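Trainee:
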Amino acid sequence: MLTIKVLGSGCPNCQKVEANAREALAMFRPPGGYEIEHVKDPLGISEYVLKTPGLVINEKVVSEGRIPDSSEIMTWLADTLLDTE
Amino acid sequence: MNLFLELLGAGWTGLLDYLAAHVLLCLVPAFFIAGYLSGLMPKEVVTRFLGPKTPKYISYPASAIGGFVLAVCSCTILPLFAGIWKRGAGLGPAITFLFVGPAVNILAISYTGSVIGMDIAAARIVLAIAFGILIGMIMAALFKQPDVDPAKAAMFDQSATMRPALWGLFGLLVAVLIAGTLQIAPLKNTVIALTLPFELSAGVENALADLDLTLQGVLLIAMLVLIAPVAWKGFNDVLTGFNRWTWLALGMAAFTLLLAAPTTETGSIVVNLTGRFFAEVALLAGLAYVAAHHLERDELAHWLWETWRFVKQIFPLLIMGVFVAGMFREVTPEEWVEQLAGRNTIWANLIGVIFGVFMYFPTLVEVPMAAAFLDLGMHRGPLLAYLLADPELSLQSILVTGKIMGRTKTAAYVSLVAVFSTLAGYLFGLALAMF
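So the sequences go chain by chain: U and A. Counting from 1, position 49 in the first sequence corresponds to residue 49 in our numbering; the numbering is continuous, with no gaps. Residues are numbered in our numbering as their position in the second sequence, beginning at 1, plus a constant of 1000.
1. Is the CB of Pro-1079(A) under 7 Å away from at least one CB in chain U?
2. With a threshold of 7 Å between beta carbons, is Ala-1103(A) in contact with chain U?
3. Can you pull out the residues from the region 1392–1412 of chain A whose beta carbon lies closer than 7 Å to at least one beta carbon of chain U?
4. Run through the DSSP bridge pairs and tell me what Arg-25(U) is partnered with.
5. Over the uninterrupted alpha helix (DSSP H) stretch that includes Asn-1002(A), give me the two end residues.
6. What three-state label does DSSP hand His-38(U) in the structure shown?
7. Measure from the alpha carbon of Gly-1039(A) to the alpha carbon of each residue in Cys-1026(A), Leu-1070(A), Leu-1016(A) and Pro-1052(A), then state which is nearest.
8. In whole angstroms, give me the CA-to-CA distance for Leu-1287(A) and Gln-1145(A).
9. So the beta strand (DSSP E) Leu-7(U) belongs to, where does it begin and stop?
10. I'd like to know whether the C-beta atoms of Ala-1249(A) and Ala-1231(A) end up nearer to each other than 7 Å.
11. Return the Cβ separation of Thr-1274(A) and Thr-1263(A) in integer angstroms, given the expectation that the two are a contact with Cβ distance under 8 Å.
12. Can you check whether the CB of Ser-1059(A) is closer than 7 Å to the CB of Ala-1504(A)?
13. Please confirm whether Met-1155(A) has its beta-carbon closer than 7 Å to some beta-carbon of chain U.
14. Which stretch, first to last residue, makes up the alpha helix (DSSP H) that contains Thr-1047(A)?
15. Helix, strand or coil: how does DSSP classify Gly-54(U) here?
16. Residues of the region 5–30 of chain U with a CB closer than 9 Å to any CB of chain A: list them in chain order, please.
17. I want to verify the contact list: residues of chain A whose CB lies under 8 Å from the CB of Ile-67(U), in sequence order.
18. Counting only runs of 4+ residues fully inside the region 1096–1123 of chain A, write out the alpha helix (DSSP H) ranges in chain order.
19. Evaluate contact between the region 1363–1373 of chain A and the region 1106–1114 of chain A, counting only Cβ atoms and requiring at least three cross-stretch pairs below 8 Å.
20. So, for Ala-24(U): in the same chain, excluding its five sequence neighbours on each side, which residues have a beta-carbon less than 7 Å away from its beta-carbon?
21. Can you find the residues in the same chain that come closer than 7 Å, C-beta to C-beta, to Lys-51(U), ignoring five residues on each side of it along the sequence?
22. Name the DSSP beta bridge partners of Ile-1192(A), please?
23. Count the other CB atoms, across all protein chains shown, that sit within 10 Å of the CB of Ala-1062(A); report buried if there are 16 or more and exposed otherwise.
24. Ignore the nearest five residues each way along the sequence and tell me which others in Pro-1029(A)'s own chain have a CB closer than 7 Å to its CB.
25. Who are the Cβ neighbours of Ile-1192(A) in its own chain at under 7 Å, not counting the five residues just before and after it?
26. Give, in chain order, every unbroken run of the alpha helix (DSSP H) that is at least 4 residues long and sits entirely within the region 1133–1189 of chain A.
Shown next as structure tokens:
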């Protein structure tokens, strides 16, 4: 089971990260299923990163302050699955 | 009907004033700098001075600089503020960051400088930083600090190095902005006076004079209209790849700057190629060289995307705002403004601040509004008070910070900002009277 958190205040860049993450998930289809959440509360965001947009997979920050594309996100999803096995 | 036409005319004149050559020379580079700060400047350059272990005499000034470097986009301000407060240097520096960010935004400062005057722009920077630090220190003294768990502050320990090419690019961008806006002799002097190889027909000349436009003004407006669709096609998907439109849009932006740099007069076909023009040619060539040879494709893409995002978000609202400010200037009786804020008194400065709180203008629109006030007879002191308070305190931002900090702290912060903005305007007004 993968838990993905998109961290952002709802700005266009954060929407883009969420869209790229959903695209990556649709292509990768993690075997154990997944949950995706968009964290908009500033205090919640600052638990993980300082600069938005941020991306967290299974509580680990994989990207901060930039917009990763969907293929990049797919490799992170795969890495996380390998690590947890 | 007549009044309606008059209003439209006033709006149009406003637009002409604000889309004039000298404004474009400042706004175009400022947008690219904002895009650079938001897309290419690593946050660690500043954040590593904002951790819980940093001595206070470093973290306060670093917060002020952070406000300039990291807070270009309003959407990044609040998470950073929460992070500095709860995990980093504490409430004081976090408040400094929250205050300085919106006040010394690169777009707002350069636009203020070119539309209203360098004195107000400089005062806006200096007083925002000084009072930002002061307000932060008072807040830190008033309220207890949260205990920071060092294990959770690891995000402040990261450092990043910036390649020399990235610093070089930043230097060149700032140089383009300065060469475009500074009013000094070698830049203003004409090096070559070119006479265009055609005559304007009397009809064209009259039409231009009626609209109060120079040939240069017409060309600049045409360029802006043309760039819009090209930039849309070239920049909207720039993160997934470059296309022909991307390069065309960049070329057109550079050409617009070169078109804006020479000076002309209404009805004349003589073009004065100034020192400014040649400085812009050299600097733009340097920029193109560094961007082409020392920047990775990915970096270039992020830079252009951030720049474009700011333009898309701010420019349409700015054009509308300028139009409305022009009409507002037309319908507001000068006596009102003069009576309320024509002289530099504490009361007048307070009115400037209160107006800033209750009127919410989109980013940059506060500047043409301020220019309209100035025209209507507002004193420069209260004007500065208004310009400090407007981006700082809107009802919306008060509600949002209230959710993060709680009511007591927000009330204290809002009162401090109101008091210090009033004081800033008053002191600035006094200083103007002395020199």
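Just so you know, even glycine gets a beta-carbon here, dropped at the ideal spot from N, CA and C. The model shown is predicted, which means the values in this text are computed figures rather than measured ones.
Mentor: Quick answer:
1. The residue given as residue 1079(A) occupies position 79 in the second sequence. Yes, Pro-1079(A) lies at the interface with chain U (some Cβ there is under 7 Å from its Cβ).
2. As a position in the second sequence, residue 1103(A) is number 103, starting the count at 1. Cβ-Cβ to chain U under 7 Å: no for Ala-1103(A).
3. Ile-1404
4. Here the question's residue 25(U) lines up with position 25 in the first sequence. Sequence check: residue 25(U) is Leu here, not Arg. Per DSSP, none; premise fails for Leu-25(U).
5. Along the second sequence, read from residue 1 onward, the residue named residue 1002(A) stands at position 2. Segment 1002–1018, the alpha helix (DSSP H) holding Asn-1002(A).
6. One-based indexing of the first sequence puts residue 38(U) at position 38. Here His-38(U) sits in strand by DSSP.
7. Here residue 1039(A) corresponds to residue number 39 of the second sequence, with the count starting at 1. Nearest option by C-alpha distance: Leu-1070(A).
8. For the purposes of this step, residue 1287(A) is taken as residue 287 along the second sequence, with counting starting at 1. For the purposes of this step, residue 1145(A) is taken as residue 145 along the second sequence, with counting starting at 1. Leu-1287(A) and Gln-1145(A): Cα-Cα distance of roughly 46 Å.
9. Translated into the one-based positions of the first sequence, residue 7(U) becomes position 7. Per DSSP, Leu-7(U) belongs to the beta strand (DSSP E) from 2–7.
10. Residue mapping note: residue 1249(A) aligns to position 249 of the second sequence, counting from 1. Residue mapping note: residue 1231(A) aligns to position 231 of the second sequence, counting from 1. Yes, these two residues count as a Cβ contact at 7 Å.
11. For the purposes of this step, residue 1274(A) is taken as residue 274 along the second sequence, with counting starting at 1. For the purposes of this step, residue 1263(A) is taken as residue 263 along the second sequence, with counting starting at 1. Correct: roughly 6 Å between the Cβ atoms.
12. Limits of chain A in this structure are 1001 at one end and 1435 at the other, which puts residue 1504(A) out of reach.
13. Your numbering for residue 1155(A) matches position 155 in the second sequence. It does: the Cβ of Met-1155(A) has a partner Cβ on chain U nearer than 7 Å.
14. Here residue 1047(A) refers to the residue found at position 47 of the second sequence. 1044–1047 is the span of the alpha helix (DSSP H), which, as asked, contains Thr-1047(A).
15. The count along the first sequence starts at 1 and reaches residue 54(U) at position 54. Strand.
16. Leu-7, Gly-8, Ser-9, Gly-10, Cys-11, Pro-12, Asn-13, Cys-14 and Lys-16
17. Start at 1 with the first residue of the first sequence, and residue 67(U) comes out as number 67. Within 8 Å Cβ-Cβ: Leu-1239, His-1302 and Trp-1305.
18. 1106–1115
19. yes
20. Within the first sequence, residue 24(U) is the residue found at index 24, counting from 1. Cβ within range, chain order: Ser-70, Ile-73, Met-74 and Leu-77.
21. The residue labelled residue 51(U) in the question sits at position 51 within the first sequence. Cβ within range, chain order: Glu-64 and Gly-65.
22. In the second sequence, residue 1192(A) corresponds to position 192, counting from 1. For Ile-1192(A), which the question treats as bridged, DSSP gives the partners Leu-1273(A).
23. Taking the second sequence and counting its residues from 1, one reaches residue 1062(A) at position 62. Label assigned to Ala-1062(A): buried.
24. Here residue 1029(A) is taken as the residue at index 29 of the second sequence, counted from 1. Within the same chain, Pro-1029(A) has close Cβ partners Leu-1173, Val-1176, Leu-1177 and Gly-1180.
25. The residue given as residue 1192(A) occupies position 192 in the second sequence. Here the set comprises Leu-1273.
26. 1164–1181 and 1185–1188
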